[in-house]
Each structure stands twice: as C-alpha cells, then as structure tokens.
Amino acid sequence: MSNAVTYDIDMPEVCFDSAGFLLKNPNRGLRGETYITLGENLRAYPGDNEEPYTRAERLIEKYAADSPTVFQAYVYLCDYASKQLDGLAFAQLEKFFKLFEKHGIRLLLRFAYATESQPDVPYETAQVHLTQLKKWFAENERLIEKVLFCMQTGIIGFWGEGHSYKKFKRRHVKDVIGDVCRLAPAGIYSQVRTYSMLRKIPAEYAAQVGIHDDYITGNTAHKWAFVKSTQKKRYTKVLNHARFTVNDGEMPWGRAYLDDKKSKGHCDDFDGIAVLKQVQAYFLTTFSLEHNYREDDGKQYSMEKWKSVYLSYADCVKHKISANPALFKDANGGEIKLSVFDILRYHLGYQLAVKDLYTTGNELFFGLTNYGFAPPLTFDYFAAVFRDKSGKEIEVPFKNYNKNALLSGKTITFKAEIPQGYAPAGLKMETKKGSGIGARFANESIFANAVQYFK
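If you're matching positions, the sequence shown starts at 428 in my numbering and goes up one per residue.
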C-alpha cells in the first residue's frame, strides 16, 4: 500500500473575460511616454513650458484604461550644458521618480540634451553628468530598484537618438554606451537605437543591451527600420541578439507623413497584422501608447483602428503570431475572436501560463509556457512556495530556472521536492528575491505579495 500524500491543487488557465489582470504585470506591455527638463527653468520638453509633473499625471490618467506599467521618460540635461548637476536637479529627479513609484509604474529611462532647437554637448560634459548620476543612483538604491525598468543609451544627438550631433564626436559612441551600462544597477538592461550603435557595444555589456526601434510600420524592409530585413545577414544577426535582450519599439506619429513625404500620406493606418509580426520578430517587451493611438482627440490612428480588426486563434496560427489559445475563449468556454489591439497588448513581453500541475509522492511538477513575444528577462527569481499547518510559508527556488530559455512559445518543465511537514501553496516569480515586483501567471487564482497561490 502506498503512503504517498496527495494534494488537491489546481491553477486553471484564464479565459479572456478574466484576463484583465495580465495587463498590470510589471516590466512589459503598452507603455507611456513623458519628459522632464531639469534646472531652474523646470519644464517638461525643452521647447515648451508645460510643468513636467502635471504632464506625467495627465498622461497616466489619459491612458489609465490601457493599464501601462511602464513609461518611457526623457530626462533632458540641456540646462546643465556648461555646469555640473546640482542639488536642485537631483531633487527634481527624485520627485519625478517618486511620482511614478506612487502609481506603480516603472521607467524606461533616457538622458538627453539636444533637440532641433537645443544644441548637443561634447562627450566630456556628458561623462561628468553620468558620473554624478551613477553616484545618485547608488545613494538612492531603493528608489531606483522600485522604479527603474530599463535604460536607453540616449545622450547622443537629437532626443538622444544617436544622430544629428555636432559637439559630440563619433569616436565616443562606444564610450557612452559603456557609461550608461555602468550607470545601470546590476540586472538592468539597456537599449540602443541604431544598428551601428549595436555594433559598438563593449563586449562585456553585449548581453545587456537590446534594441529600440522608433519607426515600426509593419514593413521590416523599410529604410528607417532598425535594420532592413533585405540585409539578411545583418537582420538575422540582430534578431538572434534581440531574442535575449529587453527591446522596445514605437510607430511614427500618426499625424506624420510616411518617410516625411507629404505625397505618401499620413502614418495613421498601418496594417495591424504586419505590425504584430514585426513586433514579434523583434521580441518586443514594450511598445509605445503615445504614438499612433490617441494623439489628438477626435481622430483615429492606427492602434485605435486595430480595435475593430479581429483574428481567431486559427488566424494567429496561420500568420505565425504567438498567442495564448485560452484567451480566445469566453467564460463559458466558447470560442471568440480578439482584436489586433488586444492581441498586441496581451502578448508584448512575457505571458506565462502554468500547465499540467500535479504532485507525485513528495514532488511537485508543472510546465510553464510563455505565450508572450519575449522571455521574462527582468525576472531573476523563481520559486515554489510551501506552507505548513501553522500557516508558515517557505520558498524553494527552482535550480533549473533559466529566464533566457522561456522564449516565445516554449514550455519548460519544473519540479520541486515538497519539504516534510509542508504542502504546496503557490509559485513566486520576482525581479529579485524580496523585491516585491512579481509576475502574475495567466491562471485564475489568488495573487498576493508576489505569490500566485494554487486553488
């Protein structure tokens, strides 16, 4: 006769009607965008007079229904072009970070100097400021850990995009990439905007730096894409790199003209399926809400139009778009179609579902499938949670957890030995152990303190 203890545990997968909580998962999804220009003349964008904190609050409210957990933030240092950052600048930056901490939003952070009306600075100036910022990051470790999601190289040229610079010298591009990587705390990724910059990443930071493509149109061969797909060797190299990095993208403004040519019409009606394919090809974790969605009241841009374009799960399979089949069912188990907009916002970054959960003897087994476009690269800690009869909980990390292995569409099997006197209680995935920044799985069960509990 077997003396094995059995445990009645379950973690059913979500249907679309109950999946809304997935949009609040940290470090992924549709993201906002805002600016702050530090100094005595505090403002949002260098060329206007909007108060930066008011702007941030306005945009958080504007996109509240879309549940962004990430905002891209441009921090302009142009008013310090001829001097060091001072206490005022750091106080303003701290207030900015705390605003987003209050809302549970993390930052995709870029420092910049130049715009079309604002000159750039030489490398030596940026180097001094980055050294100061590194010290400030270290002194505000807790705040940085709570708020910083990812860095972008920034610094160079217009809007920190790496082009149109004069005082900055090309020979220092590699230096800046390294400086920004060193600025970021351990475990924080960075991004570059161009292929030429990607080639200049210092070898020791190669695995840390992803891509940011700000001209996603659905045409991977477009001349302004991060790298044209017609350049097959380069394109393959970039994609092989990007599959293991944190990547971001955005479309051009909907009100803009394609290729900046009036004759080609506005950029307000891109093919949503083509964009989905490009977003997936680039393994994007985040994608801009600010561009080509709700730029101007009363006008419809591409993403708004995608809310009326529907695909079945079979359509996604046909188009080779990664998607969670459980989301194509309603609460009654009936098959439904999802809009291209919903497919995009639910599958950016990671979307992890627990499968085939069971126990045998003193072991817990399950599979973890990633239906998202990118692996959960910002989550370094994954553990099983067990509880004894008194309610005490302990965590047992999975030794075989490899965040890089959870690529789009992959299923990894995990097992854990159940400690004597304890029963399986749940699973916990965090950015770091004890950070409190936890990923919720695409399963219906209670989630608290970064733990998703079994039913």
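Here a beta-carbon is modelled for each residue, glycine too, at the ideal position from N, C-alpha and C.
Using the Cα positions of residue i and residue j, report the straight-line distance between them to the nearest angstrom.
i, j, result
"R721", "F792", "45 Å"
"C918", "L536", "Here the chain covers residues 428 to 882 and nothing more, so residue 918 does not appear."
"V744", "P752", "10 Å"
"Y490", "L716", "8 Å"
"Y550", "I463", "21 Å"
"T496", "L703", "20 Å"
"K664", "A634", "13 Å"
"Y540", "E467", "16 Å"
"E440", "G531", "26 Å"
"L795", "K734", "29 Å"
"L771", "A701", "11 Å"
"K451", "A758", "20 Å"
"P802", "S509", "42 Å"
"I748", "A780", "17 Å"
"K830", "T672", "11 Å"
"V448", "V878", "Residue identity check: residue 448 is Phe in the sequence provided, not Val. Distance between the alpha carbons of F448 and V878: 14 Å."
"S617", "H668", "13 Å"
"V555", "I638", "25 Å"
"E773", "G799", "Correcting the residue type first, residue 773 is Tyr in the shown sequence and not Glu. Using only the alpha carbons, I get a separation of about 8 Å."
"Y472", "E822", "46 Å"
"S429", "Y785", "Residue placement at S429 is flagged as unreliable, the pLDDT there being 48, under the threshold of 50; the coordinate-derived value follows with that caveat. If you take the alpha carbons of S429 and Y785, they lie about 17 Å apart."
"D444", "E762", "12 Å"
"R528", "N719", "In the sequence under discussion, the amino acid at residue 528 is Glu, which differs from the Arg named in the question. Answer to the nearest angstrom: the Cα atoms are 27 Å apart."
"D687", "K650", "12 Å"
"I643", "E677", "6 Å"
"H590", "G584", "5 Å"
"A866", "L775", "14 Å"
"G699", "K655", "19 Å"
"H648", "T657", "For the sequence presented, residue 648 should be read as Ala rather than His. Computed Cα separation, rounded: 6 Å."
"A492", "G788", "45 Å"
"A565", "I628", "23 Å"
"P612", "L560", "12 Å"
"G614", "V636", "11 Å"
"S729", "L469", "33 Å"
"E488", "G587", "27 Å"
"R661", "S817", "58 Å"
"D437", "D783", "9 Å"
"Q499", "F714", "10 Å"
Shorter than 8 Å from the beta carbon of residue i to some beta carbon of chain B?
i, result
"D641", "Protein chains in the displayed structure number just one, and chain B is not present."
Closest to residue i by C-alpha separation, out of the options, would be which residue?
i, options, result
"N666", "A708, W651, V619", "Per the sequence presented here, residue 666 reads as Leu, with Asn not at that position. Closest by alpha carbon: A708."
"F697", "L534, P679, T713, S690", "P679"
"E631", "K601, I638, T542", "K601"
"Y849", "F768, Q559, E820, G584", "E820"
"Y828", "K691, K529, T786, F841", "F841"
"D640", "T657, L625, P629, T621", "T621"
"R533", "D435, E572, Y480", "E572"
"D675", "L685, F653, K689", "F653"
"G861", "N476, N870, N876, K594", "N876"
"E871", "G788, G865, F881", "F881"
"P824", "G818, P846, K837", "P846"
"Q727", "L765, T647, E521, R682", "R682"
"S766", "P479, E731, T713, R626", "E731"
"N567", "I615, R661, K593, F517", "F517"
"A810", "N797, K782, T787, E844", "E844"
"I604", "K593, K594, L625", "L625"
"I864", "I436, P453, D437, P629", "P453"
"R814", "D783, P851, E477", "P851"
"D523", "T542, R482, A553", "A quick correction: the sequence has Phe, not Asp, at residue 523. Looking at the Cα atoms, R482 is the closest of the given residues."
"K797", "Y737, F868, K764, D783", "The sequence shown places Asn at residue 797, not Lys. For N797, the nearest C-alpha among the options comes from F868."
"P836", "F710, G692, H693, F498", "It should be noted that the sequence gives Gly, not Pro, for residue 836. It is F710 whose Cα lies nearest to the Cα of G836."
"E790", "K594, P479, V812", "V812"
Residues bridged to residue i by DSSP?
i, result
"Q461", "Correcting the residue type first, residue 461 is Thr in the shown sequence and not Gln. According to DSSP, which records beta bridges pairwise, T461 is partnered with A500."
"I839", "L795"
"H693", "Y684"
"N674", "L711"
"M730", "BP columns for M730 are empty, so no partner."
"F874", "Q879"
"S766", "Y737"
"P752", "Beta-bridge pairing links P752 to no other residue."
"K855", "A810, V878"
"E484", "Note: E484 sits in no beta bridge, so no partner."
"Y592", "None; Y592 has no bridge partner."
"E822", "V812"
"K782", "G794"
**Study point:** Any 3 or more C-beta pairs closer than 8 Å across the stretch 546–553 and the stretch 493–503
**Key:** No, the stretch 546–553 is not in contact with the stretch 493–503.
Review point. Does the stretch 805–814 come close enough to the stretch 849–863 to have 3 or more Cβ pairs within less than 8 Å?
Key: Touching, yes.
Exercise for review: Check whether the stretch 573–587 touches the stretch 598–613, taking contact to mean three or more Cβ pairs, one atom from each stretch, closer than 8 Å.
Suggested key: Counting C-beta pairs closer than 8 Å gives three or more between the stretch 573–587 and the stretch 598–613, which meets the contact rule.
Check your understanding: Which runs of the beta strand (DSSP E) fall wholly inside the stretch 533–586 and span at least 3 residues, in chain order?
Key -> You should have 533–539, 575–579.
Review point. What residue ranges within the stretch 600–643 form continuous beta strand (DSSP E) runs of no fewer than 3 residues, ordered along the chain?
Key: As far as the stretch 600–643 is concerned, its whole beta strand (DSSP E) runs of at least 3 residues are 617–619, 636–640.
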